[in-house]
Amino acid sequence: MPRFSRRATGSSFCAEETSNSAPQRSETRSISGLNRGTLVHNVCVKHRPLAQRIAFATIAAVAGAAVCAPAQSVEVVAFGWNSFGQVDVPASLGAVRAISAGYAHSAAVKLDGSVACWGYNAAGQSIAPAGLYEVTSVAAGGFHSVALRSNGTLVCWGSNGQGQCAPPKNIGTVQAIATGGYHTMALKNGATVACFGHNSQGQCTVPTTLGQVTAVAAGWHHSVSLNAVGIVKAWGSNTYGQCSVPVNLSGVVSVASGSWHGAAIRSSGTVDCWGLNDFGQCNVPPNLLGVTAVAAGAYHTVALRLDGSVHCWGSNAHDQCYPPSDLGAVTAVAAGNEHTLVIAQAPPCDADFDNDGAVNGADLAVLLSQWGSAGTECVDLSGNGAVGGEDLAILLSQW
Ligand SMILES: [Ca+2]
Ligand SMILES: [Ca+2]
């Protein structure tokens, strides 16, 4: 079981590494780099042991930053529970604009507006309908998935055992979605909330006192809303206090719901947390400031700060709070039951073709052996379709 996996979402891909490591531990990356504001190359980095990658990152920062500064390319990185392949990011993923994590499956909206899913699929929750495009966001629930299209319509697949994939016919235009264990929430145009699916705990009995709703979030058996004046409301199961929003919570700009706990970002950039705390998922680290996004799983909570760093607390039983140490600047976070997804800038580029931890003569020999050809295994460092002098210059800069 890989502790984490990542896939580049740049415009080119490397072949999978096949030697000296188990297939599930191999990874490839593709990076688009900027040099003085101009896209000049598109290179790939092969997975290496963590210590080597740390060493490389340090070297690259010193020696290769001007050539290899990561800029445009992003990757989806997943870590945590991998019982059903939910952290095995597909090699074919390509560029993404949004991510979501469900009970044991994962979903992403690709730049072309289609949806990719992976992980648990017993109810078909990881097979997006063919021909689904123009998607702006996706939500992965317990055992179902929902996509919101740019025209405000919903498309749903996976388990419909509780009607969680059966939006009311008169739902109208939707602007945001959230999925719980067995229910679906839709924030409609007009700032009201529709809810469908399981209602055993009143999670789909939408209160009339929400105000003008600006965001929704869903837990396993409860629902959460944020309104235009920064007030959070929650309804449904309150077994663990997940609906007991702190009375002094105000000025909220963003809200997330775990299975049995909630998290909110105040306008001051701090995080409040309430509900189940059996693994410390509500023990917000002291002095955590500048938070711009938050995500909550079953037993862990993930925060993204303005500087692109990720902070995670609560259960780490499946390494769901253990991102790779060389994680680039993160722009989005999502939390499944016990796994975590992020969109991150791809790390610096790498001319260490033979994966021995150093860029030297052996790598130069590989490059020279492919001189003039299209190049394999990322040897075309510049990404211009041929191995030549520009690639040699990049390699030497990392020597
Ligand atoms: Ca080498
Ligand atoms: Ca080249």
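One point on numbering: in the working numbering, the residue at position 114 of the sequence shown is 754, and numbering is uninterrupted.
From the three backbone atoms N, C-alpha and C, an ideal C-beta is built for every residue, glycine too.
- The C-beta distance from residue 760 to residue 735 rounds to 24 angstroms, too long to fall under 8 angstroms, and the pair is not in contact.
- Excluding its 5 nearest sequence neighbours in each direction, residue 1011 has C-beta neighbours in its own chain below 6 angstroms: 1027, listed in chain order.
- In the structure shown, residue 778 adopts extended strand secondary structure according to DSSP, grouped into three states.
- Partner residues in the beta bridge of residue 906, as assigned by DSSP, are 892.
- By the Cβ test, the segment 772-788 is in contact with the segment 802-817, since at least three Cβ pairs between them sit closer than 8 angstroms.
- Taken through DSSP and simplified to helix, strand or coil, residue 876 comes out as strand.
- Residue 1034 sits in a helix when the DSSP states are folded into three classes.
- Between residue 811 and residue 831, the C-beta gap is not smaller than 8 angstroms, which leaves the two residues out of contact.
- Taking one beta carbon from each stretch, the segment 883-891 and the segment 908-917 have 3 or more pairs nearer than 8 angstroms; the two touch.
- Of the other Cβ atoms in all chains shown, 16 or more fall within 10 Å of the Cβ of residue 963; this residue is therefore buried.
- By alpha-carbon distance to residue 719, the top candidate from 818, 1002, 957 and 1036 is 957.
- Cβ neighbours of residue 819 within its own chain (closer than 6 angstroms, five residues either side excluded): 779, 781, 786 and 858.
- Classified as buried, residue 967 has 16 or more neighbouring CB atoms from the shown chains inside 10 Å of its CB.
- With a cutoff of 8 angstroms on beta-carbon distance, residue 938 and residue 898 are scored as near each other.
- For the pair residue 870 and residue 1019, the Cα-to-Cα distance works out to about 52 angstroms.
- Per DSSP, residue 1003 is one residue of the alpha helix (DSSP H) stretching across 1001-1009.
- In the three-state reduction of the DSSP assignment, residue 954 falls in the strand class, which pools E and B.
- Counting only residues of its own chain and dropping the five nearest sequence neighbours on each side, residue 1015 has a CB closer than 6 angstroms to the CB of 1027.
- Taking all protein chains in view, the Cβ of residue 1003 is crowded by 16 or more other Cβ atoms within 10 Å, so the residue is classified as buried.
- Closest in C-alpha terms to residue 985, from the list 1013, 947 and 954, comes 947.
- Contact check for residue 850 and residue 878: beta-carbon distance about 17 angstroms, past the 8 angstroms limit, so the pair fails to qualify.
- For residue 972, the closest C-alpha among the options 829, 739, 772 and 798 is that of 739.
- Closest by C-alpha distance to residue 713, out of 959, 751 and 722, is 751.
- For residue 797 and residue 808, the gap between their C-alpha atoms comes out near 15 angstroms.
- Out of 770, 728, 862 and 995, the CA that lies nearest to the CA of residue 822 is found in 862.
- Excluding the 5 residues flanking it on each side, residue 994 has same chain C-beta neighbours closer than 7 angstroms at 1002, 1003 and 1006, in chain order.
- The C-beta distance from residue 855 to residue 827 rounds to 7 angstroms, short enough to fall under 8 angstroms.
- About 11 angstroms separates the CB atoms of residue 953 and residue 926; that is not less than 8 angstroms, and the two are not in contact.
- Separation of residue 981 and residue 726 (C-alpha to C-alpha, rounded to the nearest whole angstrom) is 9 angstroms.
- The set of residues whose C-beta lies within less than 6 angstroms of a heavy atom of ligand 1 reads, in chain order, 992, 994, 996, 998, 999, 1000, 1002 and 1003.
- Take the alpha-carbon of residue 922 and the one of residue 901: they are about 8 angstroms apart.
- Taking C-beta separations shorter than 7 angstroms and ignoring five residues to either side along the sequence, the partners of residue 983 in its chain run 714, 716, 736, 739, 970, 971 and 972, following chain order.
- Linking residue 959 to residue 724 through their CA atoms gives a straight-line distance of about 15 angstroms.
- Apart from the 5 residues on each side of it in sequence, residue 789 sits with its Cβ closer than 6 angstroms to the Cβ of 774 and 775 in its chain, given in chain order.
- Residue nearest to residue 917 within the set 903, 990, 907 and 908 is 903 (criterion: CA-CA distance).
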